[in-house]
Amino acid sequence: MHTRLYITSAVLLALVSACATSPLGRSQLSLVSDEEMAQVGGQAFQQIAQKTPVIGSGTEARYVTCVANAVTHELPGNSNWEVKVFKSDEINAFALPGGHIGVYTGLLKVATTQDQLATVIGHEVSHVLARHSAERYSQQMATGIGSEVIGLVTGVDPSVFNAAGGVLLLRFSRTQESEADLLGLDLMSRAGFDPNGAITLWQNMARAAKGDKPPELLSTHPSDETRISALQARLPQDLPVYEQARKNGKRPQCS
Ligand SMILES: [Zn+2]
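Residue numbers (our numbering): 372 to 626.
Take a look at the structure:
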């Protein structure tokens, strides 16, 4: 009887400690600590920065940093994020655990205003905030895939790590993508960016997707209509947040 009770408690304890809750209230499997993920994120960021030309100064670097800083300023705790602009035609951006943001110059041709760029950065940062990488990693571990094989692992929006070699690509799920969309919209609104920009951004993305070089950012993301209507449904909640932020003096002017 006692033995049985112990076993049950042990199992229960294991399950409880492996469960986290996303900012939108979804329960998540979490078998890896924030510290471990931060370490992996830092290593991955270094690898990417070694292999992709970095734009360290000038208008583009200043502009992207201005938008990124305004967005991350709204995050709890560590708001000191590293921001790098990579010279590449890829229409993509990413954020990594440990506080790293990468934006490709190709994105700036599609995200043409500060509100649209804040949409993408808000989305990427929200993946980190909601511990989506740790969740993907834990799901892989739970299914028995590669707990020993995977040395360096993280989740990013597609293709970032093709360039980084040696880092396993874990794509985010659709659920995670939708969650990052909504959290990102909340975040940009709190920072004083117009959430209407999110609608325009994804319309621009949809248009770019019909071109000869479709945005990598779209490849695992929900369909345009699904995503845009979900964002539109959230606008009535976030527009007052945006207006309040403006009243409180949050009026980013990045150019
Ligand atoms: Zn995403």
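Glycine included, C-beta positions come from ideal geometry on N, C-alpha and C.
Treat the numbers as computed from the prediction; the structure is a model and nothing was measured.
For residue 454, the enclosing beta strand (DSSP E) covers residues 453-457. Counting only the Cα atoms, residue 626 lies some 19 angstroms from residue 567. When the Cα atoms are used, residue 502 and residue 429 turn out to be separated by approximately 32 angstroms. Put simply, the stretch 444-456 touches the stretch 414-425. At least three CB pairs are less than 8 angstroms apart. Across the structure, residue 467 and residue 474 are spaced so that their CA atoms are roughly 12 angstroms apart.
For residue 604, the enclosing alpha helix (DSSP H) stretches over residues 595-618. The secondary-structure analysis by DSSP pairs residue 392 across a beta bridge with 398. Burial is judged here by how many other beta carbons sit within 10 angstroms of a residue's own beta carbon; residue 598 has at least 16 and is buried. When rounded, the separation of the alpha-carbon atoms in residue 406 and residue 469 is 8 angstroms. The stretch 431-438 makes no contact with the stretch 397-411: fewer than 3 CB pairs, one atom from each, lie closer than 8 angstroms. As the crow flies, the alpha-carbon of residue 444 is around 10 angstroms from that of residue 558. Residue nearest to residue 476 within the set 586, 498, 398 is 586 (criterion: CA-CA distance). Within the same chain, Cβ atoms closer than 8 angstroms to the Cβ of residue 603 are found at 570, the five residues on either side in sequence being excluded.
The stretch 454-499 contains no complete alpha helix (DSSP H) run of 4 or more residues. Cβ-Cβ distances below 6 angstroms link residue 555 to 493, 494, 497 in the same chain, with the five nearest sequence neighbours on each side left out; the list follows chain order.
Ligand 1 never approaches residue 471 closely enough for any of its heavy atoms to be under 7 angstroms from the residue's Cβ.
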